Amino acid sequence: MLASVGSLIAVLDHAHGLMTKLSIAVVVCAWVWIVCRSRTRGLKIRSSVLAAMCAATVLTATAALWPVMGPAVVHTLGVAKKPKPPAG
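In case it helps, the working numbering puts the sequence shown at residues 130 to 217.
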């Protein structure tokens, strides 16, 4: 059971980069589609759509920047493991 879980975690870790790139592409395409549709039909973008897209943008940006900002966040929150002092 543990080997299966470990294998699954390893696969998901390798998929992180691909899934982040796919997420970026989907969010960019969604923004383009919403803006183009709004302009061609002369409609105002609903606030619920705008809120959902802003949330998707923030979450995607966080996922994309996590390798850079993750260590700083973990350190700031104080949840990083502290090295044991040498015995002696």
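Ideal placement from N, C-alpha and C gives every residue a C-beta, glycine not left out.
Values in this document were obtained by computation on a predicted structure and should not be read as measured data.
Neighbourhood of residue i by C-beta, 7 angstroms cutoff - its chain only, sequence neighbours within 5 removed
i    : result
L151 : none
S177 : none
M198 : none
Three-way DSSP call (helix, strand, coil) for residue i in this model
i    : result
R175 : coil
P215 : coil
G146 : helix
G199 : helix
G207 : coil
Residue i vs residue j beta-carbon contact at 8 angstroms
i    : j    : result
T189 : I153 : yes
T186 : V155 : no
T149 : A201 : no
beta-carbon residue i near the ligand GTP non-hydrogen atom, thresh 7 angstroms
i    : result
C165 : What this structure holds is no ligand at all, so the ligand GTP is not there to describe.
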